[in-house]
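Line by line, the protein sequences give chains A and B.
Residue 343 is where the first sequence ends in the numbering used here, and the numbering goes up by one at each step.
Residue 686 is where the second sequence ends in the numbering used here, and the numbering goes up by one at each step.
Number of protein chains: 2
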Amino acid sequence: MDIELSLRSRQILEAIVEDYIATAEPVGSSAVARRHALTLSSATVRNVMANLEEMGLLTSPHTSAGRIPTEKAYRLYVDSLVALRQVSREEKRQIISHCRKVGVGLSGILKETSRTLSQLSNYMGIVIAPSFTADVFRHIEFIRIGQRKILAILVSSKGALQNRLIETDDDYGSEELIRMGNYLNEKMQGLTINQVREQILEEMASEKAQYDKLLARALKISEQAVRAEGEEIFIEGQARILDQPEFSDAGRMKEIYQAFEQKGLLVQLLSRCMKADGVQIYIGTETSLSQSAGVSLITSRFVTSSNTVGMLGVIGPTRMGYSSVIPIVDYTARMVSKLLSEV
Amino acid sequence: MDIELSLRSRQILEAIVEDYIATAEPVGSSAVARRHALTLSSATVRNVMANLEEMGLLTSPHTSAGRIPTEKAYRLYVDSLVALRQVSREEKRQIISHCRKVGVGLSGILKETSRTLSQLSNYMGIVIAPSFTADVFRHIEFIRIGQRKILAILVSSKGALQNRLIETDDDYGSEELIRMGNYLNEKMQGLTINQVREQILEEMASEKAQYDKLLARALKISEQAVRAEGEEIFIEGQARILDQPEFSDAGRMKEIYQAFEQKGLLVQLLSRCMKADGVQIYIGTETSLSQSAGVSLITSRFVTSSNTVGMLGVIGPTRMGYSSVIPIVDYTARMVSKLLSEV
DNA sequence: GTTAGCACTCTAAAGTCGTGAGTGCTATTC
DNA sequence: GAATAGCACTCACGACTTTAGAGTGCTAAC
Chain A
1 MDIELSLRSR QILEAIVEDY IATAEPVGSS AVARRHALTL SSATVRNVMA NLEEMGLLTS
61 PHTSAGRIPT EKAYRLYVDS LVALRQVSRE EKRQIISHCR KVGVGLSGIL KETSRTLSQL
121 SNYMGIVIAP SFTADVFRHI EFIRIGQRKI LAILVSSKGA LQNRLIETDD DYGSEELIRM
181 GNYLNEKMQG LTINQVREQI LEEMASEKAQ YDKLLARALK ISEQAVRAEG EEIFIEGQAR
241 ILDQPEFSDA GRMKEIYQAF EQKGLLVQLL SRCMKADGVQ IYIGTETSLS QSAGVSLITS
301 RFVTSSNTVG MLGVIGPTRM GYSSVIPIVD YTARMVSKLL SEV
Chain B
344 MDIELSLRSR QILEAIVEDY IATAEPVGSS AVARRHALTL SSATVRNVMA NLEEMGLLTS
404 PHTSAGRIPT EKAYRLYVDS LVALRQVSRE EKRQIISHCR KVGVGLSGIL KETSRTLSQL
464 SNYMGIVIAP SFTADVFRHI EFIRIGQRKI LAILVSSKGA LQNRLIETDD DYGSEELIRM
524 GNYLNEKMQG LTINQVREQI LEEMASEKAQ YDKLLARALK ISEQAVRAEG EEIFIEGQAR
584 ILDQPEFSDA GRMKEIYQAF EQKGLLVQLL SRCMKADGVQ IYIGTETSLS QSAGVSLITS
644 RFVTSSNTVG MLGVIGPTRM GYSSVIPIVD YTARMVSKLL SEV
């Protein structure tokens with residue numbers, strides 16, 4: 001690795017990164033020498049900067065401009081970030097008060113959270129609702145609550161509940177529903193809810209279902225009960241990104257927005273984040289969002305009372321205020337977890 | 344009114360509007376004379392254009408550029424649009440096939456619709472889910488479906504149904520729930536669902552509820568049952584608007600996005616549209632979205648099987664291809680209505 | 001190893017200028 | 001009197017040049 005950096009080199013790199021984060025402009029040797037109280041002349045700094053460039057940590061847009069940190073530099077910077085700015089009291093207050101503004105149901109809370117993240121960070125806030133379908137299936141129950149209306153209650157092994165109201169084409173009797181439940185409970189033990197659904201779809205296509213009308217009816221309802229709801233994603237503060245000078249031209253912006261419209265991409269990216277605990281940071285191409293867009297992503301998991309896992313975070317330019325955003329994301333995730341487990 | 348226009352003036356105005364819609368550039372007198380097969384010299388056209396400018400139908404960005412239609416001109420143009428381009432077979436096919444892609448539930452369909460609108464029009468598609476709370480309350484019923492779980496079924500006078508699952512802090516008995524239902528059904532007759540909610544909130548605050556614990560319990564659940572779900576809005580194709588040359592600079596774009604983020608504004612605007620039947624068109628400041636943003640809105644209502652009303656449409660620049668978008672919106676609204684009433 | 005000095009490079013901003021599209025006015029034609 | 005041809009005038013836009021200044025790399029001195 002490239003941790004082969006002298007103390008001084010690291011300090012200078014840090015100074016450059018921070019300067020660039022603050023100003024969005026290439027930073028020159030004399031600027032570093034001045035700002036950075038270390039009594040060094042610009043010439044010395046220049047030498048060091050030349051080294052750093054050789055190591056792939058800096059680039060210059062052209063000969064007579066200052067230098068810009070590369071992704072590698074951000075990575076190094078973030079990894080060595082020791083002094084994380086604490087979440088200020090005011091910010092804590094805001095996060096908590098926003099959390100309290102319990103919207104309507106889970107979606108409401110999460111949307112509000114997304115907005116809070118955006119407001120505090122000044123970048124985009126993003127929240128993904130806890131997904132249920134990756135959990136292991138434990139139990140399902142169908143309740144007839146009216147003509148052609150069935151309530152399905154699905155329980156995962158982690159104890160998470162999901163209720164779904166199903167409207168059917170024809171009527172199902174209570175006993176039939178109980179039988180259906182028993183059938184599934186017996187047969188699907190140990191599979192994840194996703195797998196259960198696949199299994200059902202398979203059976204629906206099988207020969208047996210063609211002839212056994214009763215079975216076909218049962219499968220039809222069951223499939224609806226375990227069907228995945230589209231992952232809910234809440235992105236707020238999209239306008240804020242326009243404040244960033246690097247996105248002020250239409251071409252780049254368009255790229256970003258388009259990337260977001262295919263939410264599939266995001267989901268894929270973010271499901272990665274769900275696996276690990278704590279705050280996760282993806283810089284530039286590490287996000288695999290769009291090679292050129294130059295966005296970074298800071299995320300963390302949160303959990304609900306039923307142990308399902310969701311994801312929240314902030315999307316901003318690579319040149320993002322990591323030191324302040326990281327603790328915000330961290331704290332918010334904790335608060336949301338707490339809030340959701342209380343309920 | 345300004346319908347005091349000679350045939351020729353109107354033809355020229357129309358030519359200018361269409362040219363400008365096509366090219367986004369100021370159109371000059373000679374361009375009109377050429378394009379517009381009418382055998383007129385540019386000089387004559389110039390005279391007419393000078394008149395139109397005086398009447399507030401055209402402006403010139405500067406002395407030696409062509410002229411641009413004002414909002415007033417668009418209005419006139421749209422109002423006098425006789426020859427609406429028909430929806431092509433291909434477009435019909437797309438609309439229908441998208442409709443068939445029934446997503447998960449109502450939200451799924453509407454989201455898909457929004458996307459379709461965006462794709463066909465090349466502007467932004469927008470759909471607002473049918474709102475329920477403006478309907479007149481007819482009947483409510485609470486069903487106990489488990490410990491601390493109650494299903495509320497709400498029926499409006501138009502026959503629309505809304506089911507809501509309520510999780511409570513403590514347990515409610517079946518008889519208590521029936522009594523609660525009867526109480527509300529008797530007392531709230533004739534009010535809209537919105538009013539019912541207000542009424543309940545009022546009673547909750549009243550002295551009586553302070554002392555009558557049973558009543559307080561009842562009101563608490565009832566309130567949840569009739570609470571409005573945040574209006575669901577689906578906006579798709581936000582990236583597309585970046586294709587429009589007039590929005591290529593960051594400032595204007597930001598305005599637009601910000602306007603959309605306060606969905607409240609949109610809802611307000613769009614609830615106006617719901618009142619009237621057929622396609623509605625709002626041009627520029629008529630949208631009251633943001634004075635300067637220069638966006639237009641073409642909308643139409645759709646209805647569900649239960650007679651609740653939703654809204655769909657297209658948002659684009661004032662310089663929008665009205666003649667092709669209007670029929671698309673119209674046709675889509677019809678199709679969605681049809682689809683939703685079949686189900 | 002550090003620093004001062006200096007020549008060199010290259011961009012961004014400011015100025016210059018010609019071009020051409022488009023206008024408004026007037027004299028002329030039908 | 002409406003339509004047109006002609007013409008002088010205006011003004012943004014693009015191409016080009018110039019200038020200023022920020023920043024670099026190198027070398028020689030400390």
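Yeah, the Cβ is synthetic: ideal placement off N, Cα and C, and Gly gets one too.
**Message:** Suppose the cutoff is 6 Å on Cβ atoms and the five residues either side in sequence are ignored; what does the same chain contact list for Leu682 (chain B) look like?
**Reply:** Mapped onto the second sequence, residue 682 (chain B) falls at position 339. Within the same chain, Leu682 (chain B) has close Cβ partners Cys442.
**Request:** Evaluate the contact criterion for the stretch 119-127 of chain A versus the stretch 308-326 of chain A: three or more CB pairs, one atom per stretch, below 8 Å.
**Result:** Flag = yes, the stretch 119-127 of chain A and the stretch 308-326 of chain A touch.
**Asked** Mind pulling the chain B residues with CB within less than 8 Å of Tyr257 (chain A)?
**Response** In the first sequence, the residue the question calls residue 257 (chain A) occupies position 257. Result: Gln581, Ala582 and Leu585.
**Length of the line joining the Cα atoms of Glu541 (chain B) and Thr402 (chain B)** = Taking the first residue of the second sequence as position 1, residue 541 (chain B) is located at position 198. Taking the first residue of the second sequence as position 1, residue 402 (chain B) is located at position 59. Cα to Cα, the separation comes out at about 50 Å.
**Prompt:** Who are the near neighbours of Ile281 (chain A) in its chain, counting only those whose CB is closer than 6 Å to its CB and skipping five residues on each side?
**Reply:** As a working note, residue 281 (chain A) is residue 281 in the first sequence. Hits under 6 Å: Val78 and Ile298.
**Asked** Among B:Ala408, B:Gln354, B:Lys435 and B:Glu361, which residue has its Cα nearest to the Cα of Ala676 (chain B)?
**Response** As a working note, residue 676 (chain B) is residue 333 in the second sequence. Nearest option by C-alpha distance: B:Lys435.
**Message:** Let's see if you can read the secondary structure: which residues bound the alpha helix (DSSP H) around Lys415 (chain B)?
**Reply:** Here residue 415 (chain B) refers to the residue found at position 72 when the second sequence is read from its first residue. Segment Glu414 to Asp422, the alpha helix (DSSP H) holding Lys415 (chain B).
**Message:** If contacts are defined as beta-carbon pairs under 8 Å, then Ala582 (chain B) and Glu236 (chain A) qualify, I think. What distance do you get, rounded to the angstrom?
**Reply:** Position 239 of the second sequence, counted from the first residue, corresponds to residue 582 (chain B). Position 236 of the first sequence, counted from the first residue, corresponds to residue 236 (chain A). Contact doesn't hold; Cβ gap of about 17 Å is too wide.
**Item:** Proximal residues, the stretch 157-182 of chain A versus chain B, C-beta separation under 8 Å
**Value:** Asn163 and Leu165
**Item:** Alpha-carbon to alpha-carbon, Val539 (chain B) and Glu545 (chain B)
**Value:** Within the second sequence, residue 545 (chain B) is the residue found at index 202, counting from 1. Within the second sequence, residue 539 (chain B) is the residue found at index 196, counting from 1. Cα-Cα distance, rounded: 10 Å.
**Message:** Relative to the C-alpha of Gly181 (chain A), which candidate in A:Tyr211, A:Lys213 and A:Phe142 has its C-alpha closest?
**Reply:** Against the first sequence, residue 181 (chain A) aligns to sequence position 181. The candidate whose alpha carbon is nearest that of Gly181 (chain A) is A:Phe142.
**Asked** Any C-beta of chain B sitting closer than 8 Å to the C-beta of Lys338 (chain A)?
**Response** The residue you call residue 338 (chain A) lines up with position 338 of the first sequence. Proximity of Lys338 (chain A) to chain B, defined by a Cβ-Cβ separation below 8 Å, is not satisfied.
**Request:** Compare the Cα-Cα distances from Arg418 (chain B) to each of B:Gln567, B:Gly637, B:Val657 and B:Ile626 and report the closest residue.
**Result:** Your numbering for residue 418 (chain B) matches position 75 in the second sequence. The residue among B:Gln567, B:Gly637, B:Val657 and B:Ile626 with its C-alpha nearest the C-alpha of Arg418 (chain B) is B:Ile626.
**Request:** Report the three-state DSSP secondary structure of Gln538 (chain B) (helix, strand or coil).
**Result:** Position 195 of the second sequence, counted from the start, is the residue given in the question as residue 538 (chain B). In this structure, Gln538 (chain B) counts as helix in the three-state DSSP scheme.
**Message:** Using a Cβ-Cβ cutoff of less than 7 Å, which residues in the same chain neighbour Leu632 (chain B) once the five nearest sequence positions on both sides are dropped?
**Reply:** Position 289 of the second sequence holds residue 632 (chain B). So the list reads Ala602, Leu608, Leu612 and Val638, once near-sequence residues are dropped.
**Request:** Could you give the DSSP three-state label for Met654 (chain B): helix, strand or coil?
**Result:** By one-based count along the second sequence, residue 654 (chain B) stands at place 311. Strand at Met654 (chain B).
**Prompt:** Could one say the Cβ of Ile486 (chain B) lies closer than 8 Å to chain A's Cβ atoms, at least one of them?
**Reply:** Start at 1 with the first residue of the second sequence, and residue 486 (chain B) comes out as number 143. It does; some Cβ of chain A falls within 8 Å.
**Message:** With distance defined between alpha-carbon atoms, name the residue in A:Pro69, A:Lys275 and A:Arg227 nearest to Val15 (chain A).
**Reply:** Position 15 of the first sequence, counted from the first residue, corresponds to residue 15 (chain A). The sequence shown places Ala at residue 15 (chain A), not Val. That would be A:Pro69, whose Cα lies nearest to the Cα of Ala15 (chain A).
**Prompt:** Short check: CB of Val127 (chain A) to CB of Gly310 (chain A), under 8 Å?
**Reply:** Taking the first sequence and counting its residues from 1, one reaches residue 127 (chain A) at position 127. Taking the first sequence and counting its residues from 1, one reaches residue 310 (chain A) at position 310. Closer than 8 Å, so yes.
**Request:** Please name the residue in B:Pro369, B:Ser431, B:Ile599 and B:Met398 whose C-alpha comes closest to that of Arg693 (chain B).
**Result:** No information on residue 693 (chain B) is available, as it lies outside the stretch 344 to 686 that chain B covers here.
**Request:** Grab the span of the alpha helix (DSSP H) containing Glu186 (chain A) for me, first residue to last.
**Result:** Stepping through the first sequence from its first residue, residue 186 (chain A) is reached at position 186. Its alpha helix (DSSP H) spans residues Ser174 to Lys187.
**Request:** Establish whether the CB of Leu613 (chain B) and some CB of chain A are separated by less than 8 Å.
**Result:** As a working mapping, residue 613 (chain B) is identified with position 270 in the second sequence. For Leu613 (chain B), the closest Cβ of chain A is not nearer than 8 Å.
**Asked** Comparing the C-beta of Met344 (chain B) with each C-beta of chain A, is any distance below 8 Å?
**Response** Start at 1 with the first residue of the second sequence, and residue 344 (chain B) comes out as number 1. Low local confidence applies: a pLDDT of 49 at Met344 (chain B) is under 50, so the model's placement there is unreliable, with the coordinate-based value given in what follows. For Met344 (chain B), the answer is no, since every Cβ of chain A falls outside 8 Å of its Cβ.
**Ala593 (chain B): contacting residues in chain A (beta-carbon distance under 8 Å)** = Counting from one through the second sequence, the residue named residue 593 (chain B) turns up at place 250. Simply Leu242, Phe247, Ser248, Asp249, Ala250 and Met253.
**Asked** By Cβ distance, which residues of its chain are closer than 8 Å to Thr687 (chain B), with the 5 residues on each side in sequence left out?
**Response** In the structure displayed, chain B extends from 344 to 686; residue 687 (chain B) sits before or after that span and is not available.
**Prompt:** Contact check, Ile221 (chain A) vs Ile140 (chain A) under 8 Å by CB: the rounded distance?
**Reply:** Taking the first sequence and counting its residues from 1, the one referred to as residue 221 (chain A) is at position 221. Taking the first sequence and counting its residues from 1, the one referred to as residue 140 (chain A) is at position 140. That belief does not hold up - the Cβ atoms of Ile221 (chain A) and Ile140 (chain A) are roughly 10 Å apart, past 8 Å.
**Request:** Using a Cβ cut-off of 7 Å, pull out every chain B residue sitting near Leu151 (chain A), in sequence order please.
**Result:** Locating residue 151 (chain A) in the first sequence gives position 151, counting from the first residue. What Leu151 (chain A) touches in chain B: Ile488 and Leu494.
**Asked** Got a sec: is the Cβ-Cβ distance from Glu54 (chain A) to anything in chain B below 8 Å?
**Response** For the purposes of this step, residue 54 (chain A) is taken as the residue at position 54 of the first sequence. Not an interface residue.
**Asked** If you check the beta carbons only, do Val375 (chain B) and Ile355 (chain B) fall under 8 Å apart?
**Response** Against the second sequence, residue 375 (chain B) aligns to sequence position 32. Against the second sequence, residue 355 (chain B) aligns to sequence position 12. Yes, Cβ-Cβ distance for Val375 (chain B) and Ile355 (chain B) is below 8 Å.
**Message:** For Tyr282 (chain A), list the residues DSSP reports as bridge partners.
**Reply:** The count along the first sequence starts at 1 and reaches residue 282 (chain A) at position 282. Answer by DSSP bridge pairing, in chain order: A:Leu297.
**Asked** Rounded to whole angstroms, how far is the Cβ of Phe577 (chain B) from the Cβ of Ser457 (chain B), which I believe are closer than 8 Å?
**Response** Your numbering for residue 577 (chain B) matches position 234 in the second sequence. Your numbering for residue 457 (chain B) matches position 114 in the second sequence. So it is a contact: roughly 4 Å between Cβ atoms.
**Prompt:** How is the alpha helix (DSSP H) around Leu395 (chain B) delimited, first residue to last?
**Reply:** What you label residue 395 (chain B) is simply residue 52 of the second sequence in a count that begins at 1. From DSSP, the alpha helix (DSSP H) with Leu395 (chain B) extends over Ser385 to Glu397.
**Asked** In the DSSP assignment, what are the bridge partners of Gly125 (chain A)?
**Response** Within the first sequence, the letter at position 125 stands for residue 125 (chain A). A:Glu236 and A:Val314, per the DSSP bridge assignment.
**Request:** Using 10 angstroms around the beta-carbon of Tyr211 (chain A), count the other beta-carbons present and answer buried if the total reaches 16, otherwise exposed.
**Result:** As a first step, residue 211 (chain A) is located in the first sequence; it is residue number 211 there, counting from the start. Classification of Tyr211 (chain A): exposed, given that the 10 Å Cβ count is below 16.
**Per-residue contacts from Glu604 (chain B) into chain A (C-beta, under 8 Å)** = As a working note, residue 604 (chain B) is residue 261 in the second sequence. Per Cβ cutoff of 8 Å: Glu236, Gly237, Gln238 and Ala239.
**Prompt:** Can you round the beta-carbon distance between Gln224 (chain A) and Ile145 (chain A) to whole angstroms, since I take them to be within the 8 Å contact cut?
**Reply:** Position 224 of the first sequence holds residue 224 (chain A). Position 145 of the first sequence holds residue 145 (chain A). Contact flag wrong, Cβ pair sits at about 15 Å.
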